[in-house]
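Asks: Numbering (the numbering used here), first residue to last: 60 to 777.
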Amino acid sequence: MSAAEFNKLADLFPDETVTHSYVQDIGLPGTLGGSGGGTFALITLDNGLDHSKPTTLGPNTLVELGTVLEGLRDRAAKGEIVGVGVTGKPHFLVAGADLSAVKSLDSREHGLWMAQLGHEVYATLANLGVPSFAFINGVALGGGLEIALQSTYRTVSSGAGALALPEAFIGLVPGWGGVYLLPRLIGPENAVRVMIENPLSNNRTLSGPEAYSLGIADAMFEPADFVEQSLAWAAKVISGDVAPERPNAVDPSAPEVAARWADAVAAGRAFVESKTSNASPAPAKVLDIMEANRTMSQRESAALECETLAGLMQTDEFRSTVYAFLDLVQKRSKRPAGAPDRKLARPVTKVGVVGAGLMASQLALLFARQLKVPVVMTDIDQARVDKGVGYVHAEADKLLGKKRISQDAANRIKALVTGSVSKEQFADADFVIEAVFEELNVKKQVFAELEAVVSPDCILATNTSSLSVTAMAEGLKNPERLVGFHFFNPVAVMPLLEVVRAPRTDDAVLATALELAKGLKKTAVLVKDAPAFVVNRILLRLMGEVTAAFDEGTPADVADNALRPMGLPMTPFALGAMVGLPVAQHVQESLHAAFGDRFRVSQNLQKLIDNGVKSLWAPTADGGQEIPPSTLALMSFGTSPSTGEEVLRRTQDALAGEIGLMLDEGVVAGPEDIDLCMILGAGWPMFLGGITPYLDRVGASERVNGRRFLPAGVASRP
60 MSAAEFNKLA
70 DLFPDETVTH
80 SYVQDIGLPG
90 TLGGSGGGTF
100 ALITLDNGLD
110 HSKPTTLGPN
120 TLVELGTVLE
130 GLRDRAAKGE
140 IVGVGVTGKP
150 HFLVAGADLS
160 AVKSLDSREH
170 GLWMAQLGHE
180 VYATLANLGV
190 PSFAFINGVA
200 LGGGLEIALQ
210 STYRTVSSGA
220 GALALPEAFI
230 GLVPGWGGVY
240 LLPRLIGPEN
250 AVRVMIENPL
260 SNNRTLSGPE
270 AYSLGIADAM
280 FEPADFVEQS
290 LAWAAKVISG
300 DVAPERPNAV
310 DPSAPEVAAR
320 WADAVAAGRA
330 FVESKTSNAS
340 PAPAKVLDIM
350 EANRTMSQRE
360 SAALECETLA
370 GLMQTDEFRS
380 TVYAFLDLVQ
390 KRSKRPAGAP
400 DRKLARPVTK
410 VGVVGAGLMA
420 SQLALLFARQ
430 LKVPVVMTDI
440 DQARVDKGVG
450 YVHAEADKLL
460 GKKRISQDAA
470 NRIKALVTGS
480 VSKEQFADAD
490 FVIEAVFEEL
500 NVKKQVFAEL
510 EAVVSPDCIL
520 ATNTSSLSVT
530 AMAEGLKNPE
540 RLVGFHFFNP
550 VAVMPLLEVV
560 RAPRTDDAVL
570 ATALELAKGL
580 KKTAVLVKDA
590 PAFVVNRILL
600 RLMGEVTAAF
610 DEGTPADVAD
620 NALRPMGLPM
630 TPFALGAMVG
640 LPVAQHVQES
650 LHAAFGDRFR
660 VSQNLQKLID
670 NGVKSLWAPT
680 ADGGQEIPPS
690 TLALMSFGTS
700 PSTGEEVLRR
710 TQDALAGEIG
720 LMLDEGVVAG
730 PEDIDLCMIL
740 GAGWPMFLGG
750 ITPYLDRVGA
760 SERVNGRRFL
770 PAGVASRP
């Protein structure tokens, strides 16, 4: 590819936020009594913005970096410099390619140019004529980590976080050398962990110490003087006083490594199948390249990476992932649609939790840990209260043992969370949330008791998953103070919070609830008070269709595996067992009462619940699963079985219809909020873009509603 073509590509992005390459000459210290170590050129990558605007790699950024590196290569040839280093602005090396730029590449040719441009620049870094060093001072994702891999040597800060090659997660492959270099540096098994297992496990990343232990970095230093220590270490490497050891590095041509390589790729393929049912093309492509490049030169691998990357950039799965990750999780989540003015929010200095069971205890821990305010739990007797407070204290100790929090933080959590059998303790609370039994009259009684003791400005919240917030407010003197605040289990892990507005909930209450969600580090979506809100309504419609097909006579394995092409994190029957069959049935009954036979109540499921059966499936001795004869004997079935394809299409159409109704009812502001809820509350795959792009792509939206949920090009190819 010519320089003219590179410049033409860069010209397509006049509004790119350029990460500039600033060069500083540094005189290295002499070693072993020497007079001086020579001149070292340090490149700092910086976009000139604060830490909320990560440095990224767009075409203009790459062209500038390439120009700087070519100049340094010329200086190296003249003997003017003895080494080159690359580091970043505070907290970042580079956060990867500019996804907005990549998404806008609407032709395969331009995508190929982008891939080739990166390789051209990185090849210059790898062939400067003097040693190159990457000083990984912070976030290094995708192309950012590949800058480090292309360097001769690497150091990492012990305080650095978010080191990863996450491309399999976002629908691409590491396209600038990572698939070739990483398995050779840290071994094929570790490379599969970094490139496949971590991305497909909720986009897990490595810390600085983890990257160092794997062998990605040659040395690790503390954050306070990281660059200074890295420069001193580089001087020793250049002088020959230090020779980095790489115990995990391998020669792929060695017979024993060839076997390990094949085993690692096979294990990666099995992992992809278990996580995605191969519904996304990108993870398999990563493994295809890794499998092929064991016997390739780096140049040959680069050509394969470029061709693969260019093809994947034009897939619906990649564009859906960018929509989900960038447009929704990174942008829309920051400001909930329909939110009132945040200036209306009131301070929360004390929180009350009604109940001391598992959910209530998780809430108490979250409020104390994140808000650092006093939290009081109540229940009907002292034994329950003591158990709830004890749970919080035990979890604080677990977090301390895992070094997730400090001793001071653990002590603070324990001091902040107290318990009582009297709701009088809520008299000075600003926010009280109930987490009691999911029965309307019980909750109404709780709120009546609360209103008698709390202050006029205290906000009352319910953690109900399906009951009417409006009905709970009936009889209250101040119904405008009641808001739904629906967490997902486990509370510490699940990022979504459905904030439910009843007809009389006032703006100040909503604003406070949304600011509170932000303080709890949760993503809030504002929803209308409607049965089961968003996530549970959609999941129960999905589970209901599969269960109905099973009850009609479809074999269990056919019904339960029919949705595998969706790439969901678990099958419907596994999901039912996880949430608990009685809980799923209770929500289904609530939805049936509200919407009729769209949400059919399974008599077979009720028979299992009545007989204490917790899961349809039971494990077999050979590692499989079966329905025990005793469980089958409890149930009766129809004579109208369906194929897997029929169950899939039936479920797709049911979901499209239900979401269409939800949008017509104004449950949320738009389909984007449906997608955000399903991604963060139900683990819906990013590569589907959430649920509505998937339903658009398979044609269900138009089959049922006569129109797409999203315009073409938003989460799909234009």
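Note that the Cβ used here is the ideal one computed from N, Cα and C, for glycine as well.
Computed from a prediction, not measured in an experiment: that's the story for all the values here.
Considering Cα atoms alone, identify which of 112, 103, 96, 366 is closest to residue 75.
Replies: Looking at the Cα atoms, 112 is the closest of the given residues.
Asks: Could you tell me whether the stretch 617-631 touches the stretch 740-747, using the rule of 3 or more Cβ pairs below 8 Å?
Replies: With the cut-off at 8 Å, the stretch 617-631 and the stretch 740-747 touch.
Asks: Does DSSP classify residue 691 as helix, strand or coil?
Replies: The answer is helix: DSSP assigns residue 691 an H, G or I state.
Asks: Quick check on residue 678: does DSSP put it in helix, strand or coil?
Replies: Reduced to three states, the DSSP call for residue 678 is strand.
Asks: So is residue 678 buried or exposed if we call it buried at 16+ other beta carbons inside 10 Å?
Replies: Exposed, since its Cβ has fewer than 16 Cβ neighbours within 10 Å.
Asks: Based on DSSP bridge pairs, tell me the residues matched to residue 279.
Replies: Paired residues: 215.
Asks: Please list the terminal residues of the continuous beta strand (DSSP E) segment that includes residue 587.
Replies: Residue 587 -> beta strand (DSSP E) spans 582-587.
Asks: Could you give the first and the last residue of the continuous alpha helix (DSSP H) run that contains residue 142?
Replies: First-last for residue 142: 142-147, but that is the beta strand (DSSP E), not the alpha helix (DSSP H).
Asks: On the three-state DSSP scale, how would you describe residue 115?
Replies: Of the three classes helix, strand and coil, the one that applies to residue 115 here is coil, per DSSP.
Asks: For residue 602, count neighbouring Cβ atoms within 10 angstroms of its own Cβ and tell me buried if that reaches 16, exposed if not.
Replies: Classification for residue 602: buried.
Asks: Could you spell out the range, first to last residue, of the beta strand (DSSP E) harbouring residue 105?
Replies: Run containing residue 105: 98-105, per the beta strand (DSSP E) assignment.
Asks: So, does the stretch 731-741 touch the stretch 588-602, judging by three or more C-beta pairs under 8 Å?
Replies: Counting Cβ pairs under 8 Å, three or more are found: they touch.
Asks: Where do the ends of the alpha helix (DSSP H) carrying residue 289 lie?
Replies: 285-298 is the span of the alpha helix (DSSP H), which, as asked, contains residue 289.
Asks: Quick one: which unbroken alpha helix (DSSP H) runs of 4-plus residues sit fully inside the stretch 151-205? Chain order, please.
Replies: Listed in chain order, they are 158-162, 167-185.
Asks: Do the stretch 460-472 and the stretch 530-539 make contact, defined as three or more Cβ pairs closer than 8 Å?
Replies: Contact fails: fewer than three Cβ-Cβ distances are below 8 Å.
Asks: If residue 224 sits next to residue 201, beta carbons under 8 Å apart, how far is it from one beta carbon to the other, in whole angstroms?
Replies: Going by Cβ atoms, the distance from residue 224 to residue 201 rounds to 6 Å, so yes, they are a contact pair.
Asks: Within 8 Å, do at least three Cβ pairs link the stretch 203-210 to the stretch 167-174?
Replies: These segments do not touch.
Asks: Output yes or no for whether 7 Å exceeds the beta carbon distance between residue 143 and residue 191.
Replies: It is a contact, given that the beta carbons lie within the stated cut-off.
Asks: Residues in the same chain with beta-carbon distance under 6 Å from residue 725, minus the five sequence neighbours each way, listed in chain order, please.
Replies: The answer, listed in chain order, is 587.
Asks: I believe residue 277 touches residue 212 by the beta-carbon criterion, under 8 Å. Please report the beta-carbon distance rounded to the nearest angstrom.
Replies: About 5 Å separates the two Cβ atoms, so the contact holds.
Asks: Express the C-alpha separation of residue 324 and residue 124 in angstroms, rounding to a whole number.
Replies: About 34 Å.
Asks: With DSSP as the reference, label residue 571 as helix, strand or coil.
Replies: If DSSP states are grouped into helix, strand and coil, residue 571 belongs with the helices.
Asks: Could you check if residue 681 is buried or exposed, using at least 16 other CB atoms within 10 Å of its CB as the buried criterion?
Replies: Looking at its Cβ environment, which holds fewer than 16 other Cβ atoms inside 10 Å, residue 681 is exposed.
Asks: Does the pairing of the stretch 343-360 with the stretch 377-395 give three or more beta-carbon distances under 8 Å?
Replies: Counting Cβ pairs under 8 Å, fewer than three are found: no touch.
Asks: Taking the alpha carbon of residue 407 as the point to measure from, which residue in 496, 272, 570, 283 has its own alpha carbon closest?
Replies: Per the Cα distances, 570.
Asks: Is residue 712 near residue 763, with beta carbons less than 7 Å apart?
Replies: Result yes, Cβ atoms of residue 712 and residue 763 sit closer than 7 Å.
Asks: Quick one: what does DSSP say residue 492 is sitting in, helix, strand or coil?
Replies: Three-state DSSP puts residue 492 in a strand.
Asks: I think residue 154 touches residue 120, with their Cβ atoms under 8 Å apart; what is that distance to the nearest whole Å?
Replies: Contact flag wrong, Cβ pair sits at about 12 Å.
Asks: Hey, residue 579 and residue 421: beta-carbon distance below 7 Å or not?
Replies: In this structure, residue 421 does not lie closer than 7 Å to residue 579 by Cβ.
Asks: Quick one: give me the first and last residue of the alpha helix (DSSP H) that residue 379 is part of.
Replies: Note, residue 379: alpha helix (DSSP H), 375-381.
Asks: Please name the residue, chosen from 275, 254, 214, that lies closest to residue 231 on a Cα-to-Cα basis.
Replies: The shortest C-alpha separation from residue 231 is found at 254.
Asks: If you reduce the DSSP assignment to three classes, tell me which class residue 452 lands in.
Replies: Reduced to three states, the DSSP call for residue 452 is helix.
Asks: Quick check: what's the CA-CA separation for residue 684 versus residue 335?
Replies: Distance between the alpha carbons of residue 684 and residue 335 is about 20 Å.
Asks: Do residue 650 and residue 658 have their CB atoms nearer than 7 Å?
Replies: It is a contact, given that the beta carbons lie within the stated cut-off.
Asks: Put residue 483 into one of helix, strand or coil per three-state DSSP.
Replies: Looking at residue 483 - three-state DSSP - the assignment turns out to be helix.
Asks: For a test of the three-state rule: what should DSSP assign to residue 94, helix, strand or coil?
Replies: Residue placement at residue 94 is flagged as unreliable, the pLDDT there being 46, under the threshold of 50; a coordinate-derived value is accordingly withheld.
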